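To convert a position in the sequence shown, counted from 1, into my numbering, add 78.
Every residue, glycine too, gets a C-beta built ideally from N, C-alpha and C.
In this text the structure is predicted, and so the values were computed from the model without any measurement.
Each remark here refers to the structure printed beneath this line.
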Amino acid sequence: MGVVVLLWAGMMLRTLSVLRERAAQRTGDDTPPMGEALREAGPWLKDPEYRSERKTLLFLSVALLVMVATQAFVQEG
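What follows is the structure, encoded as structure tokens:
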């Protein structure tokens, strides 16, 4: 599970970095506020350039949720 958490965290960091970069390009500000970066989520979700990253992030998120749910319902004996 630790590997999945690390991979998921890395993908989230990458995603947030991309959103910040896109917001910086749009606003012309090198350090845009977080709200501006989050406004880029919609266009990022539709951009074909990031399709592979979106699929990977979705897969890791689902895998992580399944692993957490499995641990919650499986009792150690």
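Beta-carbon to beta-carbon, ALA119 and PRO110 are separated by about 13 Å, too far to satisfy the 8 Å threshold. Residue state for MET145 is assigned as helix, using DSSP reduced to three classes. In this model, SER130 and PHE151 are separated by some 32 Å (Cα to Cα). Assignment of alpha helix (DSSP H) within the segment 92-154, counting only whole runs of 4 or more residues, yields 112-117, 119-124 and 129-151 in chain order.
Distance from the CA of LEU97 to the CA of VAL144, rounded to the nearest whole angstrom, comes to 27 Å. The shortest C-alpha to C-alpha distance from MET89 to any of GLY106, THR105, THR134 and GLU127 is the one to THR134.
Exposure of LEU136 is indicated by the presence of fewer than 16 other C-beta atoms within 10 angstroms of its C-beta.
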